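Throughout the sequence shown, residue numbering follows my numbering, covering 172 to 310 in sequence.
Cβ atoms here follow ideal geometry from the backbone N, Cα and C, with glycine treated the same way.
The structure displayed is predicted, hence computed values, not measured ones.
Single-structure report; data block below.
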Amino acid sequence: MDPVWELQTAIYARLSQDAALTSLIGADKVYDNPPADPNGNIPAATYPYVSFGSASSSDDSADCVDAVDVTFQINCWSSLPSQKQVRQIADAVTKALKRWEPPLTVNALVTFDYWRTDYIRAPGMNQASLQYTAVIETP
172 MDPVWELQTA IYARLSQDAA LTSLIGADKV YDNPPADPNG NIPAATYPYV SFGSASSSDD
232 SADCVDAVDV TFQINCWSSL PSQKQVRQIA DAVTKALKRW EPPLTVNALV TFDYWRTDYI
292 RAPGMNQASL QYTAVIETP
């Protein structure tokens, strides 16, 4: 199994079941890819929500151990004018993943760390982009 996909699947399950996060965004509002209309626009009813963003991996193998170094982002979205809601959502995501070890069954997690959060403003939109890193041993 692809180690990045296995990690994302574990994180998805964790965030989808986190009471603090779902109290802010509602149930079933964590997406791999959020729903969009035929023009690619996200419907207003979708907000606020959390989605998975870009991910990259590179070889981190050593001697007899195969591993990948992974960097990925989790995006928090709000359509409210103030950054308050998106910051609350980002805080809930951070707390849900803090000191948590994603349970991987095919691959083996070596490290899982928070790196940084960027807050981005756009007309009618606030986004928090949370960056995480992981090292995963592969069979």
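- Item | Alpha carbon of Ser249 to alpha carbon of Val257, nearest angstrom | 5 Å
- Task: Please name the residue, chosen from Gln188, Met172, Asp230 and Gly295, that lies closest to Pro312 on a Cα-to-Cα basis.
- Result: It is not possible to answer for residue 312, since the shown part of the chain is limited to 172 through 310.
- Query: So, helix, strand or coil for Arg270, using DSSP?
  - Reply: coil
- Query: In three-state terms, what does DSSP make of Thr309?
  - Reply: coil
- Please list the segments of the alpha helix (DSSP H) lying wholly inside the region 219-298, counting only runs of 4 or more residues, in order along the chain. 255-268
- Could you tell me whether the region 220-229 touches the region 270-277, using the rule of 3 or more Cβ pairs below 8 Å? no
- Query: Given Asn278, which residues of its chain have a CB within under 6 Å of its CB, disregarding the five upstream and five downstream residues?
  - Reply: Pro174, Glu177, Ile307 and Thr309
- Message: Do Gln254 and Asn297 have their beta-carbon atoms positioned less than 9 Å apart in this structure?
- Response: yes
- Selection from Ala305, Thr193 and Ala181 that minimises the alpha carbon distance to Cys247: Relative to the Cα of Cys247, the nearest Cα in the group Ala305, Thr193 and Ala181 belongs to Thr193.
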